[in-house]
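Undergrad:
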Amino acid sequence: QNVRKVVFSSTPSSRFTCTDEVDGLTESDMPDIPQEKYVAEYSATKAEGEILLRKACAKGDLLFISVAPHTVYGPRDNLFLPNMLEAAGVGKLRVFGP
Numbered sequence: 529q530n531v532r533k534v535v536f537s538s539t540p541s542s543r544f545t546c547t548d549e550v551d552g553l554t555e556s557d558m559p560d561i562p563q564e565k566y567v568a569e570y571s572a573t574k575a576e577g578e579i580l581l582r583k584a585c586a587k588g589d590l591l592f593i594s595v596a597p598h599t600v601y602g603p604r605d606n607l608f609l610p611n612m613l614e615a616a617g618v619g620k621l622r623v624f625g626p
């Protein structure tokens, strides 16, 4: 289909378990994928998908970005987008990946 760019909707739990303390960590402090263990199969499959995208990107076939929102936003969203913009504005937006 000649797709060259992808925005991948991942999950925060592909990077840490619900028991990990992540407040204040930067991207380089966060664990990379694949993890030894995931909290759910959903998290594991999201990580697998991102690994496949990384391989395609490394071959030069694709550009992608992975976002891992805690919630999905849409029309009339008054939580996710404002919080994301605020975090980005004060330099606290977490970015995962190489």
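Residue numbers for the sequence shown follow my numbering, beginning at 529 and rising by one. C-beta: ideal position from N, C-alpha, C; glycine also. Note that the structure is a prediction, hence the values are computed from the model and not measured.
1. Could you check whether the region 548 to 558 touches the region 605 to 615, counting it as contact only if at least three pairs of C-beta atoms, one from each stretch, sit closer than 8 Å?
2. Start and end of the alpha helix (DSSP H) containing F571?
3. Just to check my reading of the structure: V534 and L590 have Cβ atoms closer than 8 Å, yes? What is that Cβ distance to the nearest angstrom?
4. For a test of the three-state rule: what should DSSP assign to S556, helix, strand or coil?
5. Do K587 and S542 have their beta-carbon atoms positioned less than 7 Å apart in this structure?
6. According to the neighbour-count rule (16 or more other Cβ atoms, all chains shown, within 10 Å of its Cβ), is Y566 buried or exposed?
TA: A quick look at the data gives this:
1. No: the two stretches stay apart, fewer than three of their Cβ pairs being nearer than 8 Å.
2. The displayed chain sequence assigns Ser, not Phe, to residue 571. Run containing S571: E569 to A586, per the alpha helix (DSSP H) assignment.
3. That pair is a contact at about 6 Å.
4. Note: S556 maps to helix in three-state DSSP.
5. Taking 7 Å as the Cβ cut-off, S542 and K587 do not qualify as a contacting pair.
6. Counting Cβ neighbours within 10 Å, Y566 comes out buried, since at least 16 surround it.
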